Amino acid sequence: MHFETKATHAGANPDDATSSIAPPIHLSTTFERAADSTPLHGYSYVREANPTQSRLEEALAAIESGSHALAFGSGIGAASAILQTLDPGSHVLLPDDCYYAMRVIARDFFPKWQLTHDLVAMDDLAAVQRAIRPATRLLWAESPSNPLMKVCDLVALAKIAHDHGALFAVDGTFATPALQRPIELGADLVLHSTTKYLGGHSDVAGGAVIFGGTGALACHERVTHVRSILGAIASPFNSWLVLRGIRTLAARMRVHSENAMRVAQFLATHPRVETVHYPGLPSHPGHDVAKRQMSAFSGMLSFRVREGREAAIAVVSKTRVFISATSLGGTESLIEHRASSEGPATTTPENLLRLSVGLEHPDDLVEDLEQALR
Ligand SMILES: *Cc1c(COP(=O)(O)O)cnc(C)c1O
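Below is the structure:
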């Protein structure tokens, strides 16, 4: 089946008890047991599993072409669970441009977990080869990356990781499975902050790990153990909201991508704009790779304002349709001075603004940026 059909139907069987088409939300924290004390329907306690979360996980595995999925209370909770399965002494390769909290985890928590790491430009395959060590257990990619929209070759990175006995994980939050499915390209693990496009309405926090490929089964067991014992579980209500978001994901990503392309093309010709980072533009260094591994280029882009930090912040203060806020993936367009959001750990250029392009009419978005830049 095609993606759109899976996204509509996966995990959507009518309710056994009532035949309701919309799935029920099971808020129960505990489940009755049979006479021999075993669970009657496979459920026992909410921190281990619950029926609403199981529906979401069925849908996540289907739309990512994975074999299993686990839902979490946040994207970073899901990422941490993967890292917490690694043995002490393991080495991790992280992208030099990635979600900033990943670098903070590496700095503040890897030493306690006895993990080591290097940051590497994942779009430079020779650099990745050089950075791999005998102790490397995990190669972590993010494509497109946050906030510079760097694109890396997922097929090539999967091969490098597997040649060295490492797992290959991809943070696919910006692309979503509607546009890019890393497991089909060789990844073992896919991470999503479902807070973003999968939820899609800026009203739910969540994360997910989807498992595929060869190393998947053992890894799924270890991550399940981390989740149920360390506790970064998704709530039933949040699972339900993310599941609802998935139903419209394909349609939303089409419009997000079309609108972002319009905005990127406008910004690329504007005299106040120094650079536009959008993989849909032929001038983007990762455009050809993105064209191979993505079906469209998503709604995320960033650009640099020629006159520097203060001018960039001034642009944010002048927009009327774009709202000044962090996060992404909702129906409304957001604009953000990214270095301010990332705080002291930032490596983001001070003149960079990040856009999450929403579902408004593209003419209104372009006009808004035009007047703000003016
Ligand atoms: C937001 C985000 C995360 C973290 O997810 P939370 O749900 O905020 O914990 C990880 N990766 C990327 C690319 C993100 O945008």
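Letter 180 of the sequence shown, counting from 1, is numbered 1530 in this note's numbering, and no numbers are missing. Backbone N, C-alpha and C fix where the C-beta goes; we use that ideal spot for every residue, glycine too. Predicted model, so just to flag it, every value in this text is computed and none were measured.
**OP:** For A1610, I'd like the list of residues in its chain whose CB is within less than 8 Å of its CB, leaving aside the five on either flank, ordered along the chain.
**Re:** Y1628, G1630, F1647, S1648, G1649, M1650, L1651, L1705, V1707
Subject >> L1567 burial status per 10 Å Cβ neighbour count (16 or more: buried) >> reply: exposed
**OP:** Compute the minimum distance between the beta carbon of E1686 and the heavy atoms of ligand 1, and state whether it is under 7 Å.
**Re:** Checking every heavy atom of ligand 1 against the Cβ of E1686, none is found closer than 7 Å.
**OP:** Name the two residues that bound the continuous alpha helix (DSSP H) containing H1575.
**Re:** Its alpha helix (DSSP H) spans residues 1566-1580.
Original post:
Bridge partners of Y1395, per DSSP?
Top reply: Under DSSP, the beta-bridge partners assigned to Y1395 are T1380.
Original post:
For I1596, which residues from the same chain have a beta carbon less than 7 Å from its beta carbon, with the 5 sequence-adjacent residues on both sides left out?
Top reply: Within the same chain, Cβ atoms closer than 7 Å to the Cβ of I1596 are found at A1357, A1409, I1413, L1548, the five residues on either side in sequence being excluded.
**OP:** Kindly indicate which residue of A1584, P1497, A1451, L1580 has the alpha-carbon position closest to the one of L1703.
**Re:** Proximity to L1703 across A1584, P1497, A1451, L1580 peaks at P1497, based on C-alpha coordinates.
**OP:** Give the DSSP-derived three-state secondary structure of K1595 in the structure shown.
**Re:** Going by the sequence as given, residue 1595 is Gly instead of Lys. Note: G1595 maps to helix in three-state DSSP.
Original post:
When the Cα atoms are used, what is the spatial distance from H1542 to A1519?
Top reply: Roughly 11 Å between the two C-alpha positions.
**OP:** Would you check whether ligand 1 has a heavy atom nearer than 7 Å to the C-beta of A1451?
**Re:** yes
Original post:
So, using beta-carbon positions, are E1710 and V1671 closer together than 8 Å?
Top reply: yes
**OP:** Measure the C-alpha to C-alpha separation of S1495 and R1577 and round it to an integer number of angstroms.
**Re:** 26 Å
**OP:** Locate the beta strand (DSSP E) running through S1543, then write down its first and last residues.
**Re:** 1539-1543
**OP:** Between the Cα of D1447 and those of L1433, F1459, H1441, D1474, spot the shortest distance and give me the residue it belongs to.
**Re:** Residue D1474 is the option with its Cα nearest to D1447.
**OP:** Taking only the alpha-carbon atoms, compute the straight-line gap between A1372 and Q1464 and give it to the nearest angstrom.
**Re:** If you draw a straight line from the Cα of A1372 to the Cα of Q1464, it comes to about 46 Å.
Original post:
Can you name the start and end residues of the beta strand (DSSP E) that T1466 belongs to?
Top reply: 1466-1470
**OP:** Identify which residue in D1713, T1574, G1550 has its Cα closest to the Cα of I1560.
**Re:** T1574
**OP:** Enumerate in chain order the residues of its own chain whose CB-to-CB distance from W1490 is below 6 Å, with the five nearest sequence positions on each side excluded.
**Re:** L1444, A1519
Subject >> P1401 (DSSP reduced to helix, strand or coil) >> reply: helix
Original post:
Using a threshold of 7 Å, is the CB atom of A1524 nearer than that to any non-hydrogen atom of ligand 1?
Top reply: It should be pointed out that residue 1524 corresponds to Phe in this sequence rather than to Ala. Yes, since a heavy atom of ligand 1 falls inside the 7 Å radius drawn around the Cβ of F1524.
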